[in-house]
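S.K.: If you read the sequences in order, they're chains A and B.
Read in our numbering, the first sequence has 79 at position 79, and its numbers run on one by one without any break.
Read in our numbering, the second sequence has 1020 at position 20, and its numbers run on one by one without any break.
Quick reminder that beta carbons are idealized off the backbone N, C-alpha and C, glycines included.
For clarity, every value in this text was computed on a predicted model and none was experimentally measured.
One structure follows; several queries about it will come next.
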Amino acid sequence: MLAFLHQVLSGLATGGIYASVALALVMIYQATHQVNFAQGEMATFSTYMAWKMIDSGFPYWAAFLLTLVFAFVVGVTIERVIVRPFYKAPVLSVVAVFIGLLLIINSLSGAIFDYTIKPFPSPFPSDAWYGSPYLSSHEVGMIFVTLMVLALIFAFFRFTPLGLAMRAAAENPVSSRLVGVRVGWMLALGWGLAGMIGAVAGMMTAPIVYLDPYMMFSVLLYGFAGALLGGIDNPWGAVLGGFIVGVLQNLAGAYVVGTELMVTVALVIIVGILVIKPSGLFGRTIVTRV
Amino acid sequence: MATLDTSRPAAAALFAGLSLRAWKVIGLAAVLAAACVLPFTISSYQLLLANQVIVYAVALLGLNILTGYNGQFSLGHGAFYAIGAYCTAILLDKTGIPYWATIPLAGALCFVAGFLFGLPALRLEGHYLALATFALAVATPQLLKYKDFDFLTGGVQGIVISGPDTPGGLPLRSDQWLYFFCLLWTVPLFVLAWNLLRGRTGRALMAIRDHPLAASSMGIDLARYKSLTFGVSAMYTGIAGALGALLAQFVSPDSFDLFLSIRFLVGIVFGGLASMAGVFFGAIFIEFVPNLADLVSKAAPQAIYGIVLIVCMYLMPTGVMGLLRALGHKLGRLVAR
Chain A
1 MLAFLHQVLS
11 GLATGGIYAS
21 VALALVMIYQ
31 ATHQVNFAQG
41 EMATFSTYMA
51 WKMIDSGFPY
61 WAAFLLTLVF
71 AFVVGVTIER
81 VIVRPFYKAP
91 VLSVVAVFIG
101 LLLIINSLSG
111 AIFDYTIKPF
121 PSPFPSDAWY
131 GSPYLSSHEV
141 GMIFVTLMVL
151 ALIFAFFRFT
161 PLGLAMRAAA
171 ENPVSSRLVG
181 VRVGWMLALG
191 WGLAGMIGAV
201 AGMMTAPIVY
211 LDPYMMFSVL
221 LYGFAGALLG
231 GIDNPWGAVL
241 GGFIVGVLQN
251 LAGAYVVGTE
261 LMVTVALVII
271 VGILVIKPSG
281 LFGRTIVTRV
Chain B
1001 MATLDTSRPA
1011 AAALFAGLSL
1021 RAWKVIGLAA
1031 VLAAACVLPF
1041 TISSYQLLLA
1051 NQVIVYAVAL
1061 LGLNILTGYN
1071 GQFSLGHGAF
1081 YAIGAYCTAI
1091 LLDKTGIPYW
1101 ATIPLAGALC
1111 FVAGFLFGLP
1121 ALRLEGHYLA
1131 LATFALAVAT
1141 PQLLKYKDFD
1151 FLTGGVQGIV
1161 ISGPDTPGGL
1171 PLRSDQWLYF
1181 FCLLWTVPLF
1191 VLAWNLLRGR
1201 TGRALMAIRD
1211 HPLAASSMGI
1221 DLARYKSLTF
1231 GVSAMYTGIA
1241 GALGALLAQF
1251 VSPDSFDLFL
1261 SIRFLVGIVF
1271 GGLASMAGVF
1281 FGAIFIEFVP
1291 NLADLVSKAA
1301 PQAIYGIVLI
1311 VCMYLMPTGV
1321 MGLLRALGHK
1331 LGRLVAR
């Protein structure tokens, strides 16, 4: 029982990471109906920036904040320069462009920071959390940071005019433009925010899996799985889906298949959801009009 | 997406008294003749590269049937290439089956695998299918390494096999024989695909790609066509994988990672979607560009693929074949004038 509880709780901790990635994916999907395959690589690159800053003597939280700014700028720039021309392009071109981005950013991470595996510091103490047998301090910190991010995002979209404008731009671009919302910039802002959320996820993952250019591959897949489970057009569903997938993955790893088939579990979850309920638990079912 | 070409100014044009069609036949014959002479004129290493290009062309043709003609996205065709390669390697390693008999078996296995994966994929469109196949590509090396399959797959070490020998009486080196063996598979496969795609079936596939709703209201059975296309596509790529295993004489999990699948995608995008000749340009590209990229930058070899993908989508969404076709039309108009 103790072991089971431990698996569930640490599943929630990794689930927080997946929830963040899922949220970043859903934010971009809602606004543009594009699935950002480069999300994980953007996060990895930002995490490398944080590593570089910490390595050259910055205090952790200063590096953390600067990394968020960096991730935001990168997100906005990518949207403005590379993704923008493909806004109305067929799916095939869009996916090809995202895969291209994935390759480029992955190579850049490797080329600039080399491919050796690096330890990444955790801002939280390294011992167990108040002597708890279930969770380490980093895991508790991870859950806390994830919830903070979600609360901030919620507050931003719910209580600020800018958040309202962004929601409007995603919901109904034409009308928003008529009332003076600059839809193009709202999409770019969405990309910037998604980049920031991804960067947080990257910096929280890195202490566990160590920093290397491929570290977000499986995280991205689980993020996808979470987003699909919750419904890819529903941010809250995606967050919940991320947590559920985190727990499922941990339980499957502990009791069913072992840790060697982690990514395969993600594949099974993704295909399973898409076959049984493609719109996810909380998503809208898409009806095509003839 | 490709648009219907109704103008065809070049079709009527005559170059030196022969129609364009006749020129195409002559060109094809010349290429085939050149392909037959090639192994006697180049070094063993160059022959290996040329052979790999042919193998990739078959794999790309498989992906192009699915993605280019039928509009179904796959970021996971490396998985079918891996199944084909492992099928041949395991059969050669564990049983006494002759090497030539493993190729159709690998093809059949991949057809079934592709068909089965295509069944759930039926319900997926666009991004979702890309996602599911992306997951397949990421999971492939892990599945191949899995310890419970070790007795078959050899785990992380992979399987070493011996290449085929020249059958008795033929005055060929073994690598030259392997080249002709691959060619003997490639030519019929291309003829088969050409016949499949130019007629009723091909039109149905393209109708599904361009407007699934209209296609189904014309009486095209979407489910049947799409899942069968997935199977056929996987079969082509699987046969390519089997030939590739004979060529490399070695299979290991890490050579079938996500980047292999992405290279296939780059290949068809570069060569031209929905183009049979384009796959050769794509195959040449994905075979030789890594070497060039290594010269430019040792640290970022994959970046060049990424850049090519994005630049292609910007500047030539129809790929090399699209460019050539556009040039041909210009030329045709000039001559006709």
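For B:S1261 and B:I1268, what's the separation of their Cα atoms in angstroms?
M.R.: Between B:S1261 and B:I1268, the C-alpha separation is close to 11 Å.
S.K.: First and last residue of the alpha helix (DSSP H) that includes B:S1174?
M.R.: Element bounds for B:S1174: 1174-1198.
S.K.: On a CA-only basis, which of A:V145, A:M148, A:V91 is nearest B:G1126? Give me that one, please.
M.R.: Among A:V145, A:M148, A:V91, the Cα nearest to that of B:G1126 belongs to A:V91.
S.K.: What does the alpha-carbon distance come out to for the pair A:P121 and A:A96?
M.R.: The straight-line gap from Cα to Cα measures roughly 35 Å.
S.K.: Quick one: Cα of B:R1334 to Cα of B:L1109, how far?
M.R.: The displayed chain sequence assigns Leu, not Arg, to residue 1334 of chain B. Going by the C-alpha atoms only, they are around 50 Å apart.
S.K.: Under 8 Å, Cβ to Cβ, is there at least one residue of chain B near A:A201?
M.R.: Taking Cβ atoms only, chain B never reaches closer than 8 Å to A:A201, which makes this a no.
S.K.: Cβ of B:V1031 within 7 Å of any heavy atom in the ligand ATP?
M.R.: Ligands in the displayed structure: none, and consequently the ligand ATP is not present.
S.K.: Compute the Euclidean distance between the alpha carbons of B:G1219 and B:A1204, then round it to the nearest angstrom.
M.R.: Cα to Cα, the separation comes out at about 10 Å.
S.K.: Please work out which residues of its chain come closer than 6 Å, Cβ to Cβ, to B:R1123, disregarding the five sequence neighbours upstream and downstream, and give them in chain order.
M.R.: Excluding positions up to five away in sequence, the list is empty.
S.K.: Taking the alpha helix (DSSP H) that B:F1264 falls in, what are its first and last residues?
M.R.: Start and end: 1258-1271.
S.K.: At the level of alpha carbons, what is the spacing between A:E171 and B:P1212?
M.R.: Straight-line Cα distance between these residues: approximately 26 Å.
S.K.: Using the three-state DSSP reduction, which class does B:V1280 fall into: helix, strand or coil?
M.R.: In the sequence as presented, Val is not what sits at residue 1280 of chain B; that position holds Phe. Three-state DSSP puts B:F1280 in a helix.
S.K.: State the beta-bridge partners of B:I1159 as determined by DSSP.
M.R.: Partner(s): B:V1251.
S.K.: Alpha carbon to alpha carbon, what distance is there between B:A1029 and A:I105?
M.R.: Those two C-alpha atoms are separated by around 44 Å.
S.K.: Looking at C-alpha atoms only, which residue of B:F1285, B:T1186, B:L1184, B:T1166 is the closest neighbour of B:W1177?
M.R.: The option with the nearest alpha carbon to B:W1177 is B:T1166.
S.K.: Does the beta-carbon distance from A:G226 to A:F282 come in below 8 Å?
M.R.: No.
S.K.: Who are the Cβ neighbours of A:V145 in its own chain at under 7 Å, not counting the five residues just before and after it?
M.R.: Taken in chain order, the residues that qualify are V200, M204.
S.K.: Compare the beta carbon distance of B:A1234 and B:T1088 with 8 Å and say whether it is the shorter of the two.
M.R.: It is not a contact, given that the beta carbons lie outside the stated cut-off.
S.K.: Output yes if chain A places a C-beta closer than 8 Å to the C-beta of B:H1211; else output no.
M.R.: False, the Cβ-Cβ gap to chain A never drops below 8 Å.
S.K.: How about B:L1189 and B:I1239: are their beta carbons less than 8 Å apart?
M.R.: Contact: yes.
S.K.: Just checking: is the beta-carbon of B:G1126 within a distance shorter than 8 Å of some beta-carbon in chain A?
M.R.: Interface residue, yes.
S.K.: In the DSSP assignment, what residue or residues form a beta bridge with A:G211?
M.R.: As written in the sequence, residue 211 of chain A is Leu, which differs from the Gly given in the question. Bridge partners of A:L211: A:K118.
S.K.: Please confirm whether B:F1264 and B:L1060 have their CB atoms less than 8 Å apart.
M.R.: Their beta carbons are under 8 Å apart, which means B:F1264 touches B:L1060 by this criterion.
S.K.: Have a look at B:M1313, B:F1117, B:E1287, B:Y1314 and flag the residue whose alpha-carbon is nearest the alpha-carbon of B:P1301.
M.R.: Of the candidates B:M1313, B:F1117, B:E1287, B:Y1314, the one whose C-alpha sits nearest the C-alpha of B:P1301 is B:E1287.
S.K.: Excluding sequence positions up to five away, which residues of its chain have a Cβ less than 7 Å from the Cβ of A:G253?
M.R.: Cβ within range, chain order: T259, M262.
S.K.: Output yes or no for whether 8 Å exceeds the beta carbon distance between B:F1230 and B:F1149.
M.R.: No, they are not a contact pair.
S.K.: Less than 8 Å separating the beta-carbons of B:I1310 and A:I143?
M.R.: No; because the gap between Cβ atoms is not below 8 Å, this pair is not in contact.
S.K.: Compare the C-beta of B:Q1142 with all C-beta atoms of chain A and state if any pair is closer than 8 Å.
M.R.: Yes, B:Q1142 lies at the interface with chain A (some Cβ there is under 8 Å from its Cβ).
S.K.: What residues from the stretch 1309-1326 of chain B come within 9 Å of chain A, judged by C-beta to C-beta, listed N to C?
M.R.: Here the close residues are L1309, I1310, V1311, C1312, M1313, Y1314, P1317.
S.K.: Run through chain A and tell me which residues come within less than 9 Å of B:R1123, C-beta to C-beta.
M.R.: The contacting residues are L274, V275, P278.
S.K.: Taking 8 Å as the CB-CB cut-off, is B:F1134 touching chain A?
M.R.: Yes, its Cβ sits closer than 8 Å to a Cβ of chain A.
S.K.: Counting only Cβ-Cβ distances shorter than 8 Å, please list the residues of the stretch 1052-1079 of chain B near chain A, keeping chain order.
M.R.: Under the 8 Å Cβ criterion, the stretch 1052-1079 of chain B contributes T1067, G1071, F1073, L1075.
S.K.: Let me check one thing: in DSSP terms, what residues is A:S107 bridge-paired to?
M.R.: Its beta-bridge partners do not exist; DSSP assigns none.
S.K.: Measuring CB to CB, does A:Y210 end up less than 8 Å from A:I117?
M.R.: Against a cut-off of 8 Å, the Cβ pair of A:I117 and A:Y210 comes out as a contact.
S.K.: Residue range of the alpha helix (DSSP H) that B:G1114 falls in?
M.R.: Unbroken alpha helix (DSSP H) run through B:G1114: 1099-1121.
S.K.: Tell me whether the stretch 1193-1209 of chain B and the stretch 1035-1051 of chain B touch, counting them as touching only if at least three CB pairs, one residue from each stretch, are closer than 8 Å.
M.R.: Result no; under three Cβ-Cβ pairs closer than 8 Å.
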